[in-house]
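Undergrad: Pasting in a structure now, in structure tokens, and then I'll have a few things to ask.
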Amino acid sequence: MSDDATTPRLLLLDGHSLAYRAYFALPVENFSTATGQHTNAVFGFTSMLINMLRDEKPTHIVVSFDLSRKSFRTEKYADYKAGRSETPAPFQGQVSLIQEVLEALRIPVVTKENYEADDVIATLATQARAAGMEVIISSGDRDAFQLAEEHVTILYPVRGVSEVWRMTPEAIEAKYFVPPSRYRDKAALVGESSDNLTGVPGVGDKTAAKWINEYGGLDGVIANVDKIKGKAGESLRAHLAEVMRNYELNALIRDLELPLRPEDVRWHGWDREAVHQLFDALEFRVLRERLYSYLEAVEPEAESGFDLAGQVLRAGEVAGWLTEHAAAAPVGLAVTGSFGRGTGQVTGIAVATGSGPAAWFDPAALDETDERAVAAWLADPARPKVIHDAKPALLAFRAHGWAFDGVTTDTALAAYLAKPDQRGYDLTDLALRYLKRELKVDAPDDGQLALSFDGDGQDTAAEEGVMLRARATLDLADVLTAELSRDGGASQRLLAEVELPLAVVLAEMESKGIAADTGYLSELEATFAAEVKAAQQAAHEVHGREFNLGSPKQLQEILFVERNLPKTRKIKSGYTTDADSLQDLFAKTEDPLLAHLLRYRDMAKLKSTVDGLLKSVSDDGRIHTTFNQTVAATGRLSSTDPNLQNIPIRTEEGRRIRRAFVVGGEFEQLMTADYSQIEMRIMAHLSKDEALIAAFNSGADFHAATASSVFHVELDQVTADQRRKIKAMNYGLAYGLSSFGLSNQLTISNDEAKALMEEYFQRFGGVRDYLKAVVLQAGKDGYTATILGRRRYLPDLSSDNRQRREMAERMALNAPIQGSAADIIKVAMLKVDAALRSSGLSSRMLLQVHDELVFEVAPGERDALEELVRREMGGAYPLSVPLEVSVGTGRDWNGADH
DNA sequence: ATTAAGACGTA
DNA sequence: CGTACGTCTTAATG
41 MSDDATTPRL LLLDGHSLAY RAYFALPVEN FSTATGQHTN AVFGFTSMLI
91 NMLRDEKPTH IVVSFDLSRK SFRTEKYADY KAGRSETPAP FQGQVSLIQE
141 VLEALRIPVV TKENYEADDV IATLATQARA AGMEVIISSG DRDAFQLAEE
191 HVTILYPVRG VSEVWRMTPE AIEAKYFVPP SRYRDKAALV GESSDNLTGV
241 PGVGDKTAAK WINEYGGLDG VIANVDKIKG KAGESLRAHL AEVMRNYELN
291 ALIRDLELPL RPEDVRWHGW DREAVHQLFD ALEFRVLRER LYSYLEAVEP
341 EAESGFDLAG QVLRAGEVAG WLTEHAAAAP VGLAVTGSFG RGTGQVTGIA
391 VATGSGPAAW FDPAALDETD ERAVAAWLAD PARPKVIHDA KPALLAFRAH
441 GWAFDGVTTD TALAAYLAKP DQRGYDLTDL ALRYLKRELK VDAPDDGQLA
491 LSFDGDGQDT AAEEGVMLRA RATLDLADVL TAELSRDGGA SQRLLAEVEL
541 PLAVVLAEME SKGIAADTGY LSELEATFAA EVKAAQQAAH EVHGREFNLG
591 SPKQLQEILF VERNLPKTRK IKSGYTTDAD SLQDLFAKTE DPLLAHLLRY
641 RDMAKLKSTV DGLLKSVSDD GRIHTTFNQT VAATGRLSST DPNLQNIPIR
691 TEEGRRIRRA FVVGGEFEQL MTADYSQIEM RIMAHLSKDE ALIAAFNSGA
741 DFHAATASSV FHVELDQVTA DQRRKIKAMN YGLAYGLSSF GLSNQLTISN
791 DEAKALMEEY FQRFGGVRDY LKAVVLQAGK DGYTATILGR RRYLPDLSSD
841 NRQRREMAER MALNAPIQGS AADIIKVAML KVDAALRSSG LSSRMLLQVH
891 DELVFEVAPG ERDALEELVR REMGGAYPLS VPLEVSVGTG RDWNGADH
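In this note's numbering, the protein residues as written are 41 to 938.
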């Protein structure tokens, strides 16, 4: 290549058209696996891809696929691309295999509803040119020729899968006698049979070019249509309408909204293991050799040549550095300090540029100019920043008085969306997994990292480490963006439109915290402590000696050996002493020790909850939990330090703890707003079960309504016991409840539970069909997806181990339901937050408890807030059943509950 | 000092 | 033999 080696080169592929070319280029009968899967198109496509990688050496790659045969063009012209024969059966299914190849090669795929791949390519090519990239497009569709220009080359496959024409502007002009900018004009006149666009009969490339060049384009030809002589002229005048139609339809759209930009698709190499497995399955032996010999050759190059020049900035140097290095292009940002409890303190900030230098500075050692520059830079939404775990940084910046905006990607959130089942999303681990780099400054010098720091002779290892993290974050963002883009945009949208903005909302909530009545908490603590002591004494007295009630091990000895009570359910260490089992034992034996024991457990648990809360009250008299956004595999949030999502509510004594969460000084009340039966509503929506949908739309008490159906009685004849049983079923369904589990929970026989479930599904068969279908589909895809496309991968669905497999099946049926509920309340939180801002209300959102939001109501805003919250939560996402919201207010959390 | 298991609170 | 979490306690490791 004659181009400057540092110019990024973007390879854009039209997936469908190349696959189709490959299919017809290679005899289908010669390419199939032992299992009968046809692979000629996969083979041909992959072969072309490898050739292009070898010959073009792109630094960035993306493939676009048509989503369907329908597009805005078929809407305008019903016969667009009509007349194409049905997709041949052996071609079916090969596209998804090609997508698997791309996935293994970590090449992102982008699609756009209602548009063709060529439009996506035209948009990306346009953006890439604006960014100064060299562009190579490969498409089997000649429409792409209109995109050729300086630095934009079209690779047009001809004859088989090994030869392409390099269609530069010069080549196009030589072949068609018009420049690429006039290619559309020519195509409109001549027609394009593959698109079923007829042109002017009798007019070919030469005549069309003659006219276009004579009259200065199609406009001129049309303006002078009466001057054109001869048969061809007559023909043109008779077919002007078609020409205009063609011209309108063959224009490629260059300004689509896409989930990624050309800069995001930097290619960082392939997933070796996945390629191995896939090529084994496809029986691509030779191709694997070719791929590997090419990839092995470029790999070292890709891994090295990474020179991070770092610099520790002193006071007075920061403003200038930022202006010079951190303007338009995204930079990586890494922050050190202490974080948590809704605040934080920054001790160091590192900024790394994509290919240039990195810098570190101490936020406490800035001069006035620097301080202003850093504040403006951090707050500027037009200065793109990439960071790993933005929320703590945001809180620490806020504590320093800095606003923070312009975060285009959070690599922790991106990694979570890509694989939500991971244990953690530590930057070091992600760098190793996705970048294959050890994130250590003093890593062995194996050419992976060339660090040349300007350290002034000082020991700047810590600062270098932070700079390296900033740089790794930036690189990781590229890889993860590509990773997330392989599903056609859903994950990217979740990141950009849900998780990223939600992090900001959560930061606000954590920063505010919720007021706690510490005096009352202390009283509670004393009360529970006394109860614990009393229960403990009573238990010791009954048994006749002292022992540790908190030790399940000692308890087992006492219950099952010394007191010779009946054995309970087996666990690893013997027999369980959990509350359910102890209840059963008590019912059977009436051993008074059990009652004291249960009482002890209850009180000890409550006491420890209160202890924990007391310890976590901040100086401002409020409790600031931390909401974790990357923990729950289903997409839910979790709450830690303290966990405010498991504050007792079921028992009266437990609810006493809720009274400790009170309204803050300047405010009037607490308000809770929760979704009623959101998971069942999602099941009704997803399953489309008409009876279930009707039960919701009836407006009656949902559990009673379903019970009335199941037991064939009028709504007002449903007994409390019938309602209780069906309520248990309703709740259990989304968890994969078995008849055994149901019988256990309701203390009825297994037969009775079976009959109950049978009768339930008799009435709500759509639900069973849906649940079965979800598991089946998940088995095929390898993952489940929520209404917003949030994925959860469940490899255990194909496990040989029955227990693991069945566990995965229950996860598969639960994940879309629980996850969709999580999606909905997240969207609701964003909407509520936005509405609160625009309404000018002073009330604020404090907590989220999965299907409930807790607010602090400013004086006089109760009604307005309720209206706002009902509107935004109720309208968060349209389902085929209403999203019902119930609202309550009170001076404390218990009083606000309903 | 860290880890695992058991128990139990919430949705 | 019901999903998703976090925390506390004990008891066993280092």
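Just so it is clear, CB atoms sit at the ideal spot from N, CA and C, and this is done for glycine as well.
Give the range of the beta strand (DSSP E) segment to which residue 656 is assigned.
TA: Run containing residue 656: none; DSSP gives neither H nor E here.
Undergrad: Is it right to say residue 724 is buried, meaning 16 or more other beta carbons lie within 10 angstroms of its own, or is it exposed?
TA: Classification for residue 724: buried.
Undergrad: Taking the alpha helix (DSSP H) that residue 280 belongs to, which residues open and close that run?
TA: First-last of the alpha helix (DSSP H) with residue 280: 280-289.
Undergrad: Might you give, ordered along the chain, the residues of its own chain that have their beta carbon closer than 8 Å to the beta carbon of residue 940, omitting 5 neighbours on each side?
TA: Since the displayed the chain opens at 41 and closes at 938, residue 940 lies outside it and no answer follows.
Undergrad: In angstroms with no decimal places, state the Cα-to-Cα distance between residue 66 and residue 80.
TA: Going from the Cα of residue 66 to the Cα of residue 80 covers about 6 Å.
Undergrad: Looking only at DSSP bridge pairs, what is residue 440 linked to?
TA: DSSP output for residue 440 lists no bridge partner at all.
Undergrad: How big is the Cα-Cα spacing for residue 546 and residue 861?
TA: If I take the Cα positions, the gap works out to 18 Å.
Undergrad: Throw me the rounded Cβ distance for the residue 388 and residue 422 pair, which I believe falls under 8 Å.
TA: So it is not a contact: roughly 25 Å between Cβ atoms.
Undergrad: If you drop the 5 nearest sequence neighbours on each side, which residues of the same chain put their C-beta closer than 7 Å to that of residue 461?
TA: Answer for residue 461: 673, 832 and 833, listed in chain order.
Undergrad: Would you tell me roughly how many angstroms separate the C-alpha atoms of residue 130 and residue 806, rounded to the nearest one?
TA: Roughly 33 Å separates the two Cα atoms.
Undergrad: Figure out for me which residue from 889, 890, 891 and 907 has the closest Cα to the Cα of residue 897.
TA: The shortest Cα separation from residue 897 among 889, 890, 891 and 907 belongs to 907.
Undergrad: Hey, would you say residue 556 sits closer than 8 Å to residue 700, going by beta carbons?
TA: Yes; because the gap between Cβ atoms is below 8 Å, this pair is in contact.
Undergrad: In whole angstroms, what separates the C-alpha of residue 241 from that of residue 539?
TA: Cα to Cα, residue 241 sits roughly 56 Å from residue 539.
Undergrad: How long is the line joining the alpha carbons of residue 486 and residue 477, rounded to whole angstroms?
TA: Annotation note: pLDDT 36 at residue 486 (below 50); position unreliable, no value reported.
Undergrad: Check whether the region 324-331 touches the region 83-94, counting contact only when three or more Cβ pairs, one atom from each stretch, lie closer than 8 Å.
TA: Enough Cβ pairs lie closer than 8 Å, so yes.
Undergrad: Should residue 787 be labelled buried (16 or more other beta-carbon atoms within 10 Å of its own) or exposed?
TA: Label assigned to residue 787: exposed.
Undergrad: Could you work out which residue in 58, 226, 450 and 310 is closest to residue 196 when comparing CA atoms only?
TA: Nearest of 58, 226, 450 and 310 to residue 196, Cα basis: 58.
Undergrad: Taking the C-alpha atoms as reference points, what is the distance between residue 675 and residue 830?
TA: C-alpha separation (whole angstroms): 7 Å.
Undergrad: Considering only C-alpha positions, which residue in the set 140, 681 and 668 is nearest to residue 654?
TA: Residue 681 is the option with its Cα nearest to residue 654.
Undergrad: Could you have a look at residue 809 and say whether DSSP puts it in helix, strand or coil?
TA: Helix at residue 809.
Undergrad: Going by C-alpha distance, which of 918, 767 and 474 is nearest residue 827?
TA: Per the Cα distances, 918.
Undergrad: Whole angstroms are fine: how far does the CA of residue 514 sit from the CA of residue 639?
TA: Near 55 Å, if we compare the C-alpha coordinates of residue 514 and residue 639.
Undergrad: DSSP on residue 53, reduced to helix/strand/coil?
TA: Strand.
Undergrad: Can you look up residue 867 in the DSSP assignment and give me helix, strand or coil?
TA: Of the three classes helix, strand and coil, the one that applies to residue 867 here is helix, per DSSP.
Undergrad: Give me, in chain order, the residues of the same chain whose beta-carbon lies closer than 7 Å to that of residue 85; leave out the 5 immediate sequence neighbours on both sides.
TA: So the list reads 58, 59, 62 and 138, once near-sequence residues are dropped.
Undergrad: Put residue 166 into one of helix, strand or coil per three-state DSSP.
TA: Of the three classes helix, strand and coil, the one that applies to residue 166 here is helix, per DSSP.
Undergrad: On the three-state DSSP scale, how would you describe residue 607?
TA: DSSP places residue 607 in coil when its eight states are reduced to three.
Undergrad: Taking the straight line between their C-alpha atoms, what separation do you get for residue 264 and residue 277?
TA: C-alpha separation (whole angstroms): 10 Å.
Undergrad: According to DSSP, simplified to helix, strand and coil, what is residue 938?
TA: Residue 938 falls in the coil class under three-state DSSP.
Undergrad: Among 569, 601, 576 and 618, which has the Cα closest to the Cα of residue 592?
TA: The shortest C-alpha separation from residue 592 is found at 618.
Undergrad: If you draw a straight line from the C-alpha of residue 236 to the C-alpha of residue 121, how long is it?
TA: So the alpha carbons of these two residues sit roughly 5 Å apart.
Undergrad: Fully enclosed by the region 666-732, which beta strand (DSSP E) runs are 3 residues long or longer?
TA: DSSP runs (the beta strand (DSSP E)) wholly in the region 666-732: 666-668, 678-680 and 709-715.
Undergrad: Might you give, ordered along the chain, the residues of its own chain that have their beta carbon closer than 6 Å to the beta carbon of residue 667, omitting 5 neighbours on each side?
TA: Within the same chain, residue 667 has close Cβ partners 546, 677 and 679.
Undergrad: Just to confirm, are residue 386 and residue 371 a CB contact at a threshold of 8 Å?
TA: Cβ atoms of residue 386 and residue 371: not closer than 8 Å.
Undergrad: Going by DSSP in three states, residue 742 sits in which element: helix, strand or coil?
TA: It is helical.
Undergrad: Within 10 angstroms of the Cβ of residue 51, are there 16 or more other Cβ atoms? Answer buried if so, exposed if not.
TA: The residue is buried, with at least 16 neighbouring Cβ atoms inside 10 Å.
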